[in-house]
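A.B. asks: If you scroll down you'll find the structure; I have some questions about it.
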Amino acid sequence: MIDDVLPLRFPITTPSGEQLTSIRVKKGQHINVPTIAINRNKTVWGPDAEVFRPERWLEPGALPAPTSLTQGWSGIFTFIEGPRICIGYRLALFEYKVIMSALLKNFEFKDTGAKLATQFSSTLQPFVEGRKQDGVQIPLIVKDLHQ
Numbered sequence: 090m091i092d093d094v095l096p097l098r099f100p101i102t103t104p105s106g107e108q109l110t111s112i113r114v115k116k117g118q119h120i121n122v123p124t125i126a127i128n129r130n131k132t133v134w135g136p137d138a139e140v141f142r143p144e145r146w147l148e149p150g151a152l153p154a155p156t157s158l159t160q161g162w163s164g165i166f167t168f169i170e171g172p173r174i175c176i177g178y179r180l181a182l183f184e185y186k187v188i189m190s191a192l193l194k195n196f197e198f199k200d201t202g203a204k205l206a207t208q209f210s211s212t213l214q215p216f217v218e219g220r221k222q223d224g225v226q227i228p229l230i231v232k233d234l235h236q
């Protein structure tokens, strides 16, 4: 491994006013890639970037221009991209679809009206506002469709 330079898609301005178009990385230096922040970048997704709005992918013109998105799956950075893309991302998506299909076929889900907030850890963790001490939770009303 050797020292290297990471080019930046958009220049940044340092607190001293210097414009940077790349960042120098020294051999052995650790780099944190903030996936959650990349997926919620307001300059890409707009002012409601923090809002869970899956209909973005269905509304014509609701998605940002492809040039402003990552090249990862569906324009998000969850599985990274390029030669280092998560080797299990197709399996993860397949498992998600199988589980969702089984749940939606057998159950009806209704919102309880609880106000949710999130916290960042190694994953995004939802909790009910005012009840963070109760731990991670998403209250739902679940009805068995076969009863």
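Read left to right, the sequence shown gives residues 90 to 236 (my numbering).
Beta carbons: idealized from backbone N, C-alpha and C, even for Gly.
Please classify T159 as buried or exposed, where buried requires at least 16 other C-beta atoms within 10 Å of its C-beta.
C.D. replies: That one is buried.
A.B. asks: If you run the structure through DSSP and keep just helix, strand and coil, what is V133?
C.D. replies: Of the three classes helix, strand and coil, the one that applies to V133 here is helix, per DSSP.
A.B. asks: With distances taken Cα to Cα, identify the nearest neighbour of H235 among E197, S211, V133.
C.D. replies: For H235, the nearest C-alpha among the options comes from E197.
A.B. asks: Residues bridged to K199 by DSSP?
C.D. replies: K199 pairs with I230.
A.B. asks: Round the Cβ separation of V122 and S111 to the nearest angstrom and send it over; I've been treating them as touching at under 8 angstroms.
C.D. replies: Incorrect: roughly 16 angstroms between the Cβ atoms, too far for contact.
A.B. asks: Find out if the Cβ-Cβ distance for the pair K204, V225 is shorter than 8 angstroms.
C.D. replies: No, these two residues do not count as a Cβ contact at 8 angstroms.
A.B. asks: Can you find a CB in chain D that lies within less than 8 angstroms of the CB of P143?
C.D. replies: Checking the listed chains, one finds no chain D in this structure; it contains a single protein chain.
A.B. asks: Let me know if W146 comes out buried or exposed under the rule of 16 or more other beta-carbons within 10 Å of its beta-carbon.
C.D. replies: Exposed: under 16 other Cβ atoms inside 10 Å.
A.B. asks: Spell out the partners DSSP gives L95 in its beta bridges.
C.D. replies: Answer is I112, bridged to L95.
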